[in-house]
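Its first residue numbered 25, the sequence shown is counted upward by one per residue in this note's numbering. Just so you know, even glycine gets a beta-carbon here, dropped at the ideal spot from N, CA and C.
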Amino acid sequence: MKDDLKVKYPQIVVKECEVFYNSDNKKILNEFYEKYQVPEKDRGWVPITFTEKKYFIGFNAQVANELDACVKECLGSESITAPQKIKIPLIGEVNISKVSLPVLTILLGAIDGFNPCAMWVLLFLIALLLNTRSRKKMPKMWNLR
């Protein structure tokens, strides 16, 4: 079952847990029982499969068909929408639908390109050079001559 689902729907994550010998997995199973409100009479049966919306007990052709339909439904309801506004440090909130792509690219590249660690190293090196107080000693300090 697991391998069939992975082949048919490579974008989903299928996780198998052994619950008889592993107490941590048993605790996780009990949490799922509570979350999905599984009746007491149905608890303890394995295999049990949990999806985003339902759970399935056992595995046969009927359960396989229902599980397949449920996975299709879950994947079909998946919608990703891009944010219309983004928050940029020092500038604030920007409506990306009203800014041209080149301007947005340059702006985000400049923000991403700023490296505070490199700035501190640069300031340290400049301070070190200024501390020599001699233009003749500066190249010697870096073994340039």
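Please list the terminal residues of the continuous alpha helix (DSSP H) segment that includes Asn49. Within the sequence shown, the letter at position 25 stands for residue 49. From DSSP, the alpha helix (DSSP H) with Asn49 extends over 47 to 60.
Give the secondary structure of Asn84 by DSSP, where H, G and I count as helix, E and B as strand, and everything else as coil. By 1-based counting over the sequence shown, the position of residue 84 is 60. Asn84 sits in coil when the DSSP states are folded into three classes, being neither helix nor strand.
Run the CB neighbour count on Ile36, radius 10 Å, all protein chains shown included, and call it buried at 16 or more, exposed below. Taking the sequence shown and counting its residues from 1, the one referred to as residue 36 is at position 12. Counting Cβ neighbours within 10 Å, Ile36 comes out exposed, since fewer than 16 surround it.
Coarse secondary structure for Ile112, derived from DSSP in three states: As a first step, residue 112 must be located in the sequence shown, where it is residue number 88. In the displayed model, Ile112 falls within a strand according to three-state DSSP.
Specify the secondary structure class of Phe74 as computed by DSSP and reduced to three states. Numbered from 1 along the sequence shown, position 50 holds the residue referred to as residue 74. Three-state DSSP puts Phe74 in a strand.
With burial defined as no fewer than 16 other Cβ atoms inside 10 Å of the residue's Cβ, what is the status of Thr73: buried or exposed? Along the sequence shown, read from residue 1 onward, the residue named residue 73 stands at position 49. Thr73 comes out buried.
Using only the alpha-carbon positions, how far apart do Val43 and Thr75 sit? In the sequence shown, the residue the question calls residue 43 occupies position 19. In the sequence shown, the residue the question calls residue 75 occupies position 51. Spanning the alpha carbons of Val43 and Thr75 requires a straight line of approximately 18 Å.
On a Cα-Cα basis, can you pick out the residue from Ala142, Tyr57, Val123 that is closest to Phe80? Start at 1 with the first residue of the sequence shown, and residue 80 comes out as number 56. Nearest C-alpha to Phe80: Tyr57.
Could you tell me the alpha carbon to alpha carbon distance between Ser124 and Phe138, rounded to whole angstroms? In the sequence shown, residue 124 corresponds to position 100, counting from 1. In the sequence shown, residue 138 corresponds to position 114, counting from 1. Cα to Cα, Ser124 sits roughly 22 Å from Phe138.
Three-state secondary structure (DSSP) of Glu42: The residue given as residue 42 occupies position 18 in the sequence shown. In this structure, Glu42 counts as coil in the three-state DSSP scheme.
Determine which residues share a DSSP beta bridge with Glu117 and list them. In the sequence shown, counting from the first residue as 1, residue 117 sits at position 93. Lys111, per the DSSP bridge assignment.
Every unbroken beta strand (DSSP E) inside the stretch 140 to 166 [3 residues or more]: Those beta strand (DSSP E) runs which fall completely within the stretch 140 to 166 and span 3+ residues do not exist here.
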